[in-house]
Amino acid sequence: IYDGFPCQDITLTNTGAHQTPSLDPRVDYRIHLPTSGPLAGGITILSGHNVQIIGGEIDLRYPCSDDSDDCMGIYIAKHSPGAMFVEGVWIHNPSKIPSTCPTAATSTSQPCSTGDAIDINTAIYGVNPIIITLENIRADGISGGSGFSDHSDILQPYQAPRDTIRVDHFTGTSNDQGFTIDPDLALKNFGDVATYDIRNTNLVDINNPYTGSRNRYLWWLIHGSRCDSGQITLSNVDRK
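Here it is in structure tokens:
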């Protein structure tokens with residue numbers, strides 16, 4: 046990460062809400078999550094040159110929906126050149142998910158849902174390919190699939206054309222979706238996709254409070270129901 050750019054440390058305090066630090070695209074950043082407890086609500090990265098987050102915990106909002114950026118654990122929407130590195134972060138739902146949701150879901154309320162653990166949308170303002178590394182990550186209690194907008198994922202790079210995305214040692218639990226790395230929006234909007242190298246990853250499905258054992262698509266690797274896909278390398282990956 047040390048490449049001649051000035052480097053700045055940012056230590057976050059817990060505000061109880063999702064945070065978006067102000068980052069300069071000409072500066073490298075080391076972002077430190079709170080050491081006294083989880084960062085409630087998650088974090089969005091919009092800019093910075095090389096940005097790293099190492100260690101710490103993130104509490105997902107619950108209930109919530111992945112329709113809202115504020116519901117994501119880590120939202121990588123970095124539109125500036127450089128790299129993104131996340132290591133040793135635990136993202137989790139702080140609430141116990143009931144076996145059956147006590148209140149029916151509607152189009153405006155999904156009472157037993159979370160947002161996504163990690164989302165990637167680096168083409169929000171155009172294509173600036175970056176390298177994204179996710180290492181030694183755990184994401185627990187991802188919940189969704191009520192039939193409305195809450196198709197919650199452990200990891201979803203939903204618009205990351207030409208990025209290089211590297212994942213090593215990642216464990217996640219979800220009752221809805223896991224690694225949804227289909228190139229739908231990247232292909233549709235930019236005609237290009239990301240390159241993936243995913244290693245040593247274990248995804249576990251848990252009971253869904255809305256549907257029981259249905260849904261739970263832990264690996265989705267293609268464009269819609271077609272076979273369009275970019276380069277994806279999988280090594281020692283599993284689902285249970």
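Residue 285, in this note's numbering, is where the sequence shown stops; the numbers in between run on with no holes. By construction, the Cβ of each residue, glycine as well, lies at the ideal position given by its N, Cα and C atoms.
- By the C-beta criterion, the region 183-191 is judged to be in contact with the region 135-153, since at least 3 inter-stretch pairs fall below 8 angstroms.
- Between the region 249-267 and the region 201-221, the count of C-beta pairs closer than 8 angstroms reaches three or more; the two stretches touch.
- Positions of the beta strand (DSSP E) runs, each at least 3 residues long and wholly inside the region 204-243, are given as 209-219, 222-225 in order along the chain.
- Distance between Val96 and Ile175, taken at the CA atoms: about 11 angstroms.
- Per the coordinates, the alpha-carbon of Arg75 lies some 11 angstroms from the alpha-carbon of Leu57.
- Under the 10 Å beta carbon count, Ser67 is surrounded by fewer than 16 other beta carbons and is classified as exposed.
- When C-alpha distances from Asn166 are compared across Asn173, Tyr203, Ile182, Ala150, the shortest belongs to Tyr203.
- Between Ser140 and Tyr107, the CB-CB gap stays under 7 angstroms.
- By the neighbour-count definition (other C-beta atoms within 10 Å, threshold 16), Pro206 is a buried residue.
- The DSSP assignment places complete beta strand (DSSP E) segments of no fewer than 3 residues inside the region 105-164 at 119-121, 128-132, 135-137, in order along the chain.
- Of the candidates Ile177, Asn59, Asn173, Ser197, the residue whose Cα lies closest to the Cα of Ala184 is Ser197.
- Checking the DSSP bridge columns, you'll see Asn247 partnered with Thr216, Asp283.
- Cβ-Cβ separation between Gly133 and Gly93: approximately 19 angstroms, too far for a contact (criterion under 8 angstroms).
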